[in-house]
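Mind the numbering: the sequence shown is residues 17 to 183 in my numbering, read in order. Accompanying notes for the structure given below.
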Amino acid sequence: SRTAELVERSLDLAERIRHPHALGLATTMSGAARYLAGRWKDSIEALDRGARILREQCSGVTWELDTADIFVFSALQWLGRWKELTVRFEDFIRSAQARGDLYAETHAMLETSWYIELARDQPHVARENLRRALTHKKGDSYDVHDFLFFLGSTSVDLYCGHAESAR
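Listed below in structure tokens is the structure:
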């Protein structure tokens, strides 16, 4: 209830000041909050609405758009909407590659590519995507990409029936 209250306040404030970035970001974050509450269908609608505002009325909002897309990918996965997920994911990867956005490409590959490949019954491709995506990592510190690699690799092991390796 506290999250819903804060989301409503941010949307009200954004509406009041009529600033496109504020409205787009508040709408996008309302979608993220809905996703985190398990309201995946509602989250996709809000995330897409927020992204549309940002794309049409703002500039310099790559992070916001990437964030919206990555939340949508996860929501589509939870809903089992594999065809739509695959199309949107492949478009996202092409866009990230075209603009040279290695971080967005790496993050999406680590978070999403493996479950698309498992849905296709292609665990070897899922594992290769994870391995290739992590080759871009710089430094020794453990970060979100290491976690996503761990999550994806463990899921591939479980899918393949390799419980000991997953453990």
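The beta carbon of each residue, even a glycine, is placed where N, CA and C say it ideally should be.
Query	Result
Length of the line joining the Cα atoms of leucine 39 and alanine 179	46 Å
Pair within 8 Å by beta-carbon distance, histidine 37 and valine 77	yes
Where the alpha helix (DSSP H) containing serine 111 begins and where it ends	98-114
Which of helix, strand or coil DSSP assigns to histidine 123	helix
Extent of the continuous alpha helix (DSSP H) run through tyrosine 51	36-52
Same chain only: Cβ atoms within 7 Å of isoleucine 86, ignoring 5 sequence neighbours per side	His123, Ala124 and Glu127
Three or more C-beta pairs below 8 Å linking the stretch 40-47 and the stretch 57-72	yes
Extent of the continuous alpha helix (DSSP H) run through tyrosine 131	130-135
Alanine 30 versus glycine 177: straight-line alpha-carbon distance, rounded	49 Å
For glycine 155, the three-state DSSP class (helix, strand or coil)	coil
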